[in-house]
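Single-structure report; data block below.
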Amino acid sequence: DSHASPRQTALAARRAPVPRQLPIDRGRDADGAAVTTARIPLPAFAWPSPPGRRTVVVAALVAALIVAAGGLRLEAAGDPAGHPSADERAYVRLAADLRSTGSYGGPTTAHPLHWAPGAPALFALADALTGHAASPAGIDTRAARRAQAVVGALTVGAAFALAAMIAGAWAGLAAAVAVA
Numbered sequence: 004d005s006h007a008s009p010r011q012t013a014l015a016a017r018r019a020p021v022p023r024q025l026p027i028d029r030g031r032d033a034d035g036a037a038v039t040t041a042r043i044p045l046p047a048f049a050w051p052s053p054p055g056r057r058t059v060v061v062a063a064l065v066a067a068l069i070v071a072a073g074g075l076r077l078e079a080a081g082d083p084a085g086h087p088s089a090d091e092r093a094y095v096r097l098a099a100d101l102r103s104t105g106s107y108g109g110p111t112t113a114h115p116l117h118w119a120p121g122a123p124a125l126f127a128l129a130d131a132l133t134g135h136a137a138s139p140a141g142i143d144t145r146a147a148r149r150a151q152a153v154v155g156a157l158t159v160g161a162a163f164a165l166a167a168m169i170a171g172a173w174a175g176l177a178a179a180v181a182v183a
C-alpha cells in the first residue's frame, strides 16, 4: 500500500508469517545425474503406551460384568416364566409382520407406532438368522429372547462407557454393576 506509514508497514511485516526454509541436499543419483532434494522433517510416529495396571483391571472387571450379565440374561431367556404380556405379544406380532411382509404393522395391528420399532426389528433379524421360515403366524421367540439377552448384556458396557466419560472409571464401574 503506497499510502501506508512506515510504522504501519513495520507492523504488517511483524505480523506476516515467516516463510519456512527447507534444508536442501544436492547430490547425484545412481547414474550420476545431479539431484536436488528437500528434506521435510516429520514428527516421529509414537506407538501408544501400553495400558497401565489400573486400566487393565478396570477393563477386566467390565468384561467380567458383561459376561456375567449375558449369562444371567441368556439363562432367563431360555426359561420364560408365565404367559407373555400384551407388549410381548405385540412385539412378536410386529416382528412376524416385518419378516413375512416387510412392513411394520399389519391388518391385525391397530396402532403399530405405539411400540418402538427397535425390538421388533431385532426379533425379526434373530428369527431370520435362525433359518426359521418367514410366517405371519409368528417368529422363533427363543431366538428373539436370546437376541434381547445379548443386547441387554451389551448395555452393561454402554453404561460403563457413558458414566466413565462423565465421572471417571469408578463411576463407570458402579453404573455397570447397577445395569448388570
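Residue numbers (this note's numbering): 4 to 183. Ideal Cβ placement from N, Cα and C applies to all residues, glycine included. Keep in mind it's a predicted model, so treat the numbers as computed, not measured.
Proximity to residue i [Cα-Cα], best of the options
i: A119; options: A129, D130 and Y107; result: Y107
i: R149; options: W173, T133, P51 and A140; result: T133
i: L125; options: L97, A140 and H114; result: L97
i: P87; options: A41, A174, R145 and I43; result: R145
i: A66; options: A164, G109 and H6; result: A164
i: A179; options: F48, L64, A41 and G74; result: L64
i: I43; options: A33, I27 and A170; result: I27
i: A166; options: A84, A174 and L128; result: A174
i: I142; options: H114, T104 and A41; result: T104
i: H117; options: H135, A127 and E91; result: E91
i: G121; options: V154, A131 and S138; result: V154
i: D100; options: G74, A127 and G85; result: A127
Residue interval of the beta strand (DSSP E) (run including residue i)
i: R42; result: Note, R42: premise wrong, no beta strand (DSSP E); not H, not E.
i: G30; result: I27 to R31
Sequence-distant residues of its chain with Cβ nearer than 6 angstroms to residue i (five each side left out)
i: A80; result: R148, R149 and A152
i: L77; result: A152
i: R29; result: T39
i: A162; result: A178, A179 and V182
Local Cβ density within 10 Å of residue i, reported as buried at 16 or more and exposed below that
i: V95; result: buried
i: L176; result: buried
i: L157; result: exposed
i: P123; result: buried
i: R102; result: buried
i: V159; result: buried
i: I169; result: exposed
i: D130; result: buried
i: A33; result: exposed
i: L45; result: exposed
i: A72; result: buried
i: A93; result: buried
Delimiting residues of the alpha helix (DSSP H) encompassing residue i
i: T144; result: T144 to A170
i: F126; result: G121 to T133
i: S103; result: A89 to T104
i: L64; result: R56 to G81
Sheet register partners of residue i (DSSP bridge)
i: A178; result: Note: A178 sits in no beta bridge, so no partner.
i: A37; result: R31
Same chain, Cβ closer than 7 angstroms to residue i, five either side skipped, listed in chain order
i: P115; result: L97, Y107 and G108
i: T12; result: none
Own chain partners of residue i with C-beta closer than 8 angstroms, once the 5 adjacent residues on each side are dropped
i: P54; result: A62
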